[in-house]
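> First the structure, which I've put down as structure tokens, then a few questions once you've had a look.
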Amino acid sequence: MEFDLAEAKISDLKAAACAVIEARRDDLIALAQDIAVHPELGFEESRTSAKVAKGLEALGLSVERGIAVTGVKAIKRFGGIGPAVAVIGELDSLRVPGHSLADPDTSAAHACGHHTQPAQLLGVAAALTSPDVASHLRGSVAFIATPAEEFIDLGRRLERQEAGELGFMSGKQEMIRLGTFDDVDMAMMVHTSSDGELGKFSIGGSSNAHVVHMVKFKGKAAHAGGAPWDGVNALQAANVAMVALNAQRETFQNSDTIRVHGIITSAGVSMNSVPAEVVYEGRVRGRNSEIVDATAIKVERCFKAGALALGAEVEITSVPGYMALVNDPMMGDLFAANADALSGPGTALHRQATANRGGSTDLGDLSQIMPVIHPYVTAATGSAHGVDYLIEDYYSAVVTSASALAMTVIDLLADGAVNAKAVLKKSKPAMTREQYVSAQQARMRVTRYKGR
Ligand SMILES: [Zn+2]
Ligand SMILES: [Zn+2]
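So for the sequence shown, my numbering puts the first residue at 29; every next one is plus one.
Structure (structure tokens):
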């Protein structure tokens with residue numbers, strides 16, 4: 029009856045872990061709420077990152093700071109040799125002017141709920157470092173706070189890249205490149221959602237891959253009233269490009285979940301002068317990297333068409349965006365059972381592996397090289413990335429989510445880490461870290477085109 033003994037022990041371990049998190053519930057929720065009112069943009073999350081580092085140090089862990097600018101990592105090694113599981117918490121906010129908790133200077137706002145993740149991370153760390161739990165686990169767990177999941181502020185990030193501060197332009201991409209995940213075998217995190225149709229927790233599904241474009245249309249200034257014929261209007265070149273780009277949409281297949289969208293971040297400086305430089309930042313998304321690469325060729329043709337029509341020049345900087353998310357089914361089942369145990373049977377909704385709502389995450393990149401899960405907890409109201417996105421159920425977002433993560437790590441690493449070993453045996457990552465880095469580096473290029 030050794031099996032029953034192990035089962036009983038695992039449920040005791042989970043109960044002990046949940047009790048640790050429950051005892052800290054007020055502090056954890058207060059931390060998330062504090063981060064909500066101190067939002068920080070990607071690669072600038074110094075205050076948030078310091079809170080995570082201090083929290084991990086208070087648990088007796090030795091903490092590596094400043095990875096990929098603001099990232100944090102701490103490892104808890106258990107007895108014996110065994111797999112390493114990472115628990116991830118994202119640090120960054122978006123920019124959403126008009127959000128009720130937006131920073132008045134930067135418009136930074138946690139309109140994607142990432143502020144709950146550092147609190148989850150510290151809850152899981154407290155639970156798994158408590159001696160009653162830790163002494164029964166094998167292998168190790170890495171607590172990793174990741175910068176810059178939102179792919180924004182492209183100009184600033186390209187400057188950082190030129191200055192040698194960054195290789196890739198999102199936190200997890202850069203951490204993969206730097207080798208932060210080299211001693212990790214699998215990873216998990218929980219993201220908030222406001223989509224009631226997903227159930228309280230949802231597991232599985234995919235996300236879009238993408239590439240990012242920074243496009244500079246370059247013309248020639250001239251007096252807009254006196255001699256417009258002497259100028260080359262970069263804004264008109266951009267307009268023609270946008271029209272051409274919209275004409276492409278009928279060629280996109282629904283099943284490929286292609287999204288082409290962007291903003292003009294600079295459209296001229298003096299209205300009485302023909303605009304000489306216009307800057308467009310945009311993305312091409314699709315259900316996998318091959319579809320994205322093929323669509324990006326069409327979109328780049330449209331940028332050139334704008335320059336050709338006006339006799340302008342265009343400089344297209346292509347930046348590797350994210351890869352599609354693959355959720356590990358076995359880890360997902362373990363997480364779902366724990367979510368059900370915490371919040372009642374039927375709490376966890378399984379989504380089809382191909383279900384894709386059009387967004388993207390850099391956990392997708394990690395999922396190409398190791399098994400991961402990216403479940404959602406429905407704990408917010410409003411529209412994701414919108415002015416009204418707010419966490420209304422902090423208990424589920426922080427305490428229940430941390431408990432489900434801790435319980436899932438216990439499932440993986442208790443009993444001689446038998447489940448973690450089974451996950452590794454079954455999973456077939458699409459590529460190695462080296463293959464990932466070279467595939468993404470190949471997407472980084474600058475194309476110049478003279479339209480004459
Ligand atoms: Zn987001
Ligand atoms: Zn997010």
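Positions of the beta carbon are idealized from the N, C-alpha and C atoms, including for glycine.
Everything numeric in this text was worked out from a predicted model, so none of it was measured.
Tell me the DSSP secondary structure of lysine 200 in three-state form.
By 1-based counting over the sequence shown, the position of residue 200 is 172. It is helical.
> Can you check the region 235 to 311 for any alpha helix (DSSP H) of at least 4 residues that lies completely inside it and give the ranges in chain order?
Complete alpha helix (DSSP H) runs here, min 4: 262 to 275.
> Measuring CA to CA, which of Lys456, Val169, Ser301 and Gly99 is closest to leucine 89?
As a working mapping, residue 89 is identified with position 61 in the sequence shown. Comparing Cα-Cα distances from leucine 89 to each of Lys456, Val169, Ser301 and Gly99, the minimum goes to Val169.
> Taking the alpha helix (DSSP H) that tyrosine 417 belongs to, which residues open and close that run?
On the sequence shown, residue 417 is found 389 positions in, with the first residue counted as 1. Note, tyrosine 417: premise wrong, no alpha helix (DSSP H); not H, not E.
> Look at the Cβ atom of serine 461, then the Cβ atom of isoleucine 204, and state whether they are nearer than 8 Å.
Along the sequence shown, read from residue 1 onward, the residue named residue 461 stands at position 433. Along the sequence shown, read from residue 1 onward, the residue named residue 204 stands at position 176. First, the amino acid is wrong: residue 461 is arginine here, not serine. In contact: arginine 461 and isoleucine 204 (Cβ atoms closer than 8 Å).
> Determine the burial state of glycine 253: buried for a count of at least 16 other Cβ atoms within 10 Å of its Cβ, exposed for fewer.
Within the sequence shown, the letter at position 225 stands for residue 253. It is exposed - the Cβ of glycine 253 has fewer than 16 other Cβ atoms within 10 Å.
> Hey, quick one: how far does the alpha helix (DSSP H) through proline 357 stretch, first residue to last?
Against the sequence shown, residue 357 aligns to sequence position 329. Run containing proline 357: 357 to 371, per the alpha helix (DSSP H) assignment.
> Within 7 Å: the Cβ of glutamate 177 and any heavy atom of ligand 2?
Locating residue 177 in the sequence shown gives position 149, counting from the first residue. Within the cutoff, so yes.
> Output the distance between the C-alpha atoms of glycine 117 and glycine 192, rounded to the nearest integer angstrom.
Taking the sequence shown and counting its residues from 1, the one referred to as residue 117 is at position 89. Taking the sequence shown and counting its residues from 1, the one referred to as residue 192 is at position 164. The alpha-carbon atoms of glycine 117 and glycine 192 are separated by roughly 25 Å.
> Please identify the residue among Phe363, Pro457, His219 and Phe71 whose C-alpha is closest to the C-alpha of arginine 188.
The residue labelled residue 188 in the question sits at position 160 within the sequence shown. Per the Cα distances, Phe71.
> Could you give the distance in angstroms between the alpha-carbon of alanine 114 and the alpha-carbon of alanine 450?
In the sequence shown, residue 114 corresponds to position 86, counting from 1. In the sequence shown, residue 450 corresponds to position 422, counting from 1. Their backbone Cα atoms lie some 17 Å apart in a straight line.
> Report the residue from Ala43, Ile292 and Ala470 whose alpha carbon sits nearest the alpha carbon of aspartate 160.
In the sequence shown, counting from the first residue as 1, residue 160 sits at position 132. Closest by alpha carbon: Ala43.
> Give me whichever residues DSSP pairs with asparagine 447 in a beta bridge.
Counted from its first residue, the sequence shown places residue 447 at position 419. Paired residues: none, contrary to the question.
> Let me check you understand the geometry: is the CB of leucine 122 closer than 7 Å to at least one non-hydrogen atom of ligand 1?
By 1-based counting over the sequence shown, the position of residue 122 is 94. Yes, the beta carbon of leucine 122 sits closer than 7 Å to at least one heavy atom of ligand 1.
> Can you round the beta-carbon distance between glycine 392 and alanine 237 to whole angstroms, since I take them to be within the 8 Å contact cut?
As a first step, residue 392 is located in the sequence shown; it is residue number 364 there, counting from the start. As a first step, residue 237 is located in the sequence shown; it is residue number 209 there, counting from the start. Contact holds; Cβ gap of about 7 Å.
> Tell me the residue span of the alpha helix (DSSP H) that contains isoleucine 180.
Taking the sequence shown and counting its residues from 1, one reaches residue 180 at position 152. It is not in any alpha helix (DSSP H) - isoleucine 180 carries neither H nor E in the DSSP assignment.
> Measure from the alpha carbon of aspartate 55 to the alpha carbon of each residue in Gln148, Ala78 and Ile109, then state which is nearest.
One-based indexing of the sequence shown puts residue 55 at position 27. Ranking Gln148, Ala78 and Ile109 by Cα distance to aspartate 55 puts Gln148 first.
> Let me know the secondary structure DSSP gives glycine 126 once reduced to three states.
Taking the first residue of the sequence shown as 1, we reach residue 126 at position 98. Coil, per DSSP.
> Within 10 Å of its beta-carbon, does isoleucine 530 have 16 or more other beta-carbons around it, so buried, or fewer, so exposed?
Here the chain comprises residues numbered 29 to 480, so residue 530 is not present and cannot be evaluated.
> Would the C-beta of histidine 219 count as close to ligand 2, meaning under 7 Å from any of its heavy atoms?
Taking the first residue of the sequence shown as position 1, residue 219 is located at position 191. For ligand 2, at least one heavy atom lies less than 7 Å from the Cβ of histidine 219.
> Can you tell me whether glutamate 420 is buried or exposed, with buried defined as 16 or more other CB within 10 angstroms of its CB?
Reading the sequence shown from its first residue, position 392 is the one you call residue 420. Burial call: exposed.
> Taking 6 Å as the limit between beta carbons, can you name the residues of its chain near valine 152, skipping five residues before and five after?
As a first step, residue 152 is located in the sequence shown; it is residue number 124 there, counting from the start. Closer than 6 Å at Cβ, skipping near neighbours: Val115, Ala430, Leu433 and Ala434.
> If we count the other Cβ atoms within 10 Å of its Cβ and call it buried at 16 or more, is isoleucine 109 buried or exposed?
Here residue 109 corresponds to residue number 81 of the sequence shown, with the count starting at 1. Answer is exposed; the Cβ neighbour count stays below 16.
> Within a Cβ cutoff of 6 Å, which residues of the same chain sit near histidine 143, ignoring the five residues on either side of it in sequence?
Reading the sequence shown from its first residue, position 115 is the one you call residue 143. Answer for histidine 143: Ala60, Ile63 and Ala64, listed in chain order.
> Helix or strand or just coil, what does DSSP make of phenylalanine 209?
Along the sequence shown, read from residue 1 onward, the residue named residue 209 stands at position 181. Correct three-state label for phenylalanine 209: coil.
> Quick check on DSSP: helix, strand or coil for threonine 486?
No answer is possible for residue 486: the residues shown for the chain start at 29 and end at 480.
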